[in-house]
Amino acid sequence: MLDHCSITGEGCAALVSALKLNPSHLRELNLNHNKPGDSGLLSDLLKDPHFKLEKLHYWFKWR
């Protein structure tokens, strides 16, 4: 669970890189209330057949 951790686009890139280098049994990832940007890094990761994520939670309410 990484919600409310102030993850930005740069942090998202580091997270995706770490997950690609260390394939895990991670099945669910919660990134609610972060701002990972729209670079497509998360969608590229989800397309990777070696990555077995089943649920990605991402919700942010702009104020």
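Numbered by the UniProt record's numbering, the letters in the sequence shown go through residues 1 to 63 in order. Don't be surprised by glycine CBs; every beta carbon is placed ideally from N, CA and C.
Check, Outcome
"Figure out for me which residue from H33, A13, H4 and W59 has the closest Cα to the Cα of L42.", "A13"
"Under a Cβ-count criterion, where at least 16 other Cβ atoms within 10 Å of its own Cβ denotes burial, should P49 be classed as buried or exposed?", "exposed"
"Got a sec? Which residues, its chain only, sit under 6 Å from M1 by beta carbon, not counting five neighbours each side?", "N30"
"Would E28 and H57 be called neighbours here (beta carbons separated by less than 9 Å)?", "yes"
"Does E54 come out as helix, strand or coil in the three-state DSSP assignment?", "coil"
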